[in-house]
Amino acid sequence: MTSTAHSIRLIAILFCLAIAVNWQYGFSSTYLNTPVDQFKDYLNVSLGGDMSEGTYNLWWDIIQNIWFVGFFVGIFLNPVLNDRLGRRYGMMIANSCIFVAAILQWLAVWLHIPILLIIGRAIASTFTAVAFQAVVLYLQESPPTHIRGTASFLSEISFALFCIEGTMLGTDELLGNNLTWLTASVIPICAFSVIFIFFVPETSKFLLMSGADRLRVEHSVRFFHGPDANVAAILKETEIEIAEESISSTWSSILDLIRVPHLRKALLLSVCCLQNCVALWTFIYNSTLFLEDINIDSGISKWAATAMCVAYFVCTVIGGSFVDRWGRRKILLPFSYMNTICIAFFTLFCQLQKLQDFWKYFGMATLILFASSYGCGVGAISWFISSELTPIKYRTLMQSACYSINTVSVVICTFVVLPFYFWIGSYCFLILYCLPSIFALIYITRNLPETRGREIHEIVNELKG
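The sequence shown runs -20 to -1, 1 to 445 under mature numbering (1 follows the signal peptide of the UniProt record, and there is no 0).
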């Protein structure tokens, strides 16, 4: 088998791994966006048929935002499951719990028990955080260096694809008017996710770091790199990476992220990159509301939300095909600036619509362009860059630190954005998203090293100066 055929085979395997995590993740992130009226009726019936607007808003906020609370908790399970048990067993446990959570959400809708829907989403989000971090580690540690960027984009590509599915299934034309079937649709995929991981070995880097049997390590290398791979050369690079850092207790390691200069720099860079991802959740959850508020028809607003997801997916595929040719910086920086500019222009068009109604269509187009620029490079690279800046022994801790800070930012913004929006209008987007992103981009522009085609220990040595 040629090297090209091996690469295609590996990309297919890793894409299935990404699907095993992100099908449910993308669906759960978007299926609430389009059938808003149907969920309002569901809550009204479930709560006795006499629900006030205030009661609805309270329940709806909890149902939506419990996802981020659970995700935040799950982030801290990452070192426990994915570091101590391994990426493979961590994903097995997480996917099994997600499968149970999917059944609970379906039962909640079928039996009209809203509290069960909240519990199901909390469990799903907690273990989605574990599985998501595990798949990022797989995509970083398994492939050869020359396709590591493309492989790492697979997580974002699959997430974007299933954001489309969740948004479209929630429309009236598909399953939006039948919430029982809508919530049931993801259960078979969760079952597939549990089964598939049994056929994929642990990453060779984790096996080598944990002192596993040499035969298991070599089997993993050949599985991911092909039977003709130069096992000795690959493992030599891994041994150099592992030998770069010594690590003691977990608490000492957490402090190292702050007191060791190159780890602190990697943490700051990773957090700044993720800052540019915060706004996506607001527009995924509330794009329909924002567009209806600038006088766009409800049906058009729902399909515009779907168009955002389609643009996000298409541009993620495009970004994935170029990331190992152009490099991380050349993709991340221009599209991050474009992303921030799109938010600023959406703010402007929302204000201009009050003067001339036709500006609303420019606002709708800007949201689609926002999703496109996010897909081209902002999302995928921001989520995996911490793994390329950090030695393997600190990798899950670095992930947990970066993702937890990002989740706190997302939770704060998603909780306050609607009150701010109804208070000061679209200007809230400038305060919550544009200003923090500008400061983050200045730091990234000055300090982010190029990681394309380089071994991790080489990148770490550059951060050390």
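Virtual Cβ for every residue (Gly too), placed ideally from N, Cα, C.
Values in this document were obtained by computation on a predicted structure and should not be read as measured data.
Nearest to residue i by alpha carbon, out of the options?
i, options, result
"ALA171", "THR327, ILE(-2) and LEU141", "ILE(-2)"
"ILE418", "PHE176, GLN255 and MET71", "GLN255"
"GLN325", "ARG309, PHE350 and LEU97", "The amino acid at residue 325 is misidentified as Gln; the sequence shows Phe. Selected option, being the one with the closest Cα: PHE350."
"TYR36", "ASP277, ILE46, ALA213 and PHE19", "PHE19"
"PRO416", "CYS(-5), CYS253 and ASN266", "CYS253"
"GLN44", "GLN333, PHE270, TRP261 and CYS356", "TRP261"
"VAL116", "PHE52, TYR383 and ALA212", "TYR383"
"residue 447", "LEU23, PHE52 and PHE51", "Here the chain covers residues -20 to 445 and nothing more, so residue 447 does not appear."
"GLN4", "SER76, ASP63 and THR320", "SER76"
"THR160", "TYR374, PHE315 and ALA82", "ALA82"
"PHE395", "GLY29, GLU33, VAL49 and SER9", "VAL49"
"ALA259", "ASN319, VAL201 and LEU328", "ASN319"
"LEU312", "TRP86, ILE42 and PHE133", "PHE133"
"CYS414", "THR327, GLY343, SER366 and ARG432", "THR327"
"ASN257", "CYS356, THR163 and ALA213", "Correcting the residue type first, residue 257 is Cys in the shown sequence and not Asn. The shortest Cα separation from CYS257 among CYS356, THR163 and ALA213 belongs to CYS356."
"LEU(-4)", "GLU121, PHE176 and GLY28", "PHE176"
"PHE204", "LEU428, TYR423, SER(-14) and ARG432", "SER(-14)"
"SER367", "ASP17, ILE98 and ALA246", "ALA246"
"VAL390", "PRO371, LEU97, PHE263 and LEU84", "PHE263"
"GLY6", "CYS408, LEU149 and TRP403", "LEU149"
"PHE364", "LEU38, ARG128 and LEU155", "ARG128"
"SER8", "ALA192, MET288 and SER165", "SER165"
"TRP90", "LEU27, ASN158 and VAL53", "ASN158"
"PRO371", "TRP306, SER233 and ILE144", "SER233"
"CYS289", "LEU27, PRO94, GLU145 and MET72", "GLU145"
"ASP337", "ASP277, LEU369, ARG309 and SER362", "ASP277"
"LEU187", "GLY66, LEU412 and GLU33", "GLY66"
"MET71", "PHE178, ASP21, ILE404 and VAL397", "PHE178"
What do you get for residue i, buried or exposed, if any count of 16 or more other CB atoms within 10 angstroms of its CB means buried?
i, result
"ALA(-16)", "exposed"
"ASP304", "buried"
"LEU271", "buried"
"PRO399", "exposed"
"LYS282", "buried"
"SER301", "exposed"
"ASN13", "buried"
"GLU430", "exposed"
"ARG194", "exposed"
"GLN113", "buried"
"residue 452", "Because the chain spans -20 through 445 in this model, residue 452 falls outside it and cannot be assessed."
"GLU153", "exposed"
"ARG426", "exposed"
"LEU235", "exposed"
"ILE392", "exposed"
"TRP231", "In this prediction, TRP231 scores a pLDDT of 49, lower than 50, which makes its location untrustworthy; no coordinate-derived value is stated."
Less than 6 Å between C-beta atoms, sequence neighbours within five positions excluded: which residues of the same chain meet that for residue i?
i, result
"GLU136", "THR296, GLY359 and ALA360"
"ALA131", "LEU(-7), LEU119 and PRO123"
"ARG68", "GLU182"
"TRP47", "ARG101 and SER105"
"PHE51", "SER105, ALA109 and THR387"
"ILE220", "HIS437"
"VAL180", "none"
"ALA74", "PHE107, VAL110 and ALA111"
"ASP63", "THR376"
"VAL211", "GLU198 and VAL201"
"residue 458", "Because the chain spans -20 through 445 in this model, residue 458 falls outside it and cannot be assessed."
"SER228", "Its pLDDT being 49, under 50, SER228 is placed unreliably in this model, and the value from its coordinates should be taken loosely. Excluding positions up to five away in sequence, the list is empty."
"PHE409", "ILE323 and THR327"
Tell me which same chain residues have a C-beta within less than 8 Å of the C-beta of residue i, skipping the five on either side of it?
i, result
"PHE79", "ILE167, CYS170, ALA171, SER173 and VAL174"
"VAL25", "HIS92"
"GLU435", "THR125, GLU217, ILE220 and GLU221"
"LEU421", "CYS252, ASN256, LEU313, SER316, TYR317 and THR320"
"THR151", "THR14, PRO15, LYS282, TRP283 and THR286"
"VAL294", "SER352 and GLY355"
Enumerate in chain order the residues of its own chain whose CB-to-CB distance from residue i is below 7 Å, with the five nearest sequence positions on each side excluded.
i, result
"CYS322", "THR346, LEU349, PHE350 and SER353"
"ASN2", "SER135, SER138, PHE139 and PHE142"
"ALA285", "ASN13, THR14, THR147, SER267 and THR268"
"ILE274", "CYS330, GLN333, LYS340 and GLY343"
"GLY299", "PHE133, ILE311, GLY355, CYS356, GLY357 and ALA360"
"GLY98", "Reading the sequence as shown, one finds Ile at residue 98 and not Gly. So the qualifying residues of the chain are ILE42, ILE43 and ILE46."
"LEU87", "LEU96"
"ALA381", "LEU237 and LEU247"
"ILE385", "VAL251"
Inter-stretch contact (C-beta, 8 Å, three-pair minimum) for the stretch 47 to 57 and the stretch 99 to 114: yes
Touching by the beta-carbon criterion (3+ pairs, under 8 Å), the stretch 424 to 442 and the stretch 242 to 251: yes
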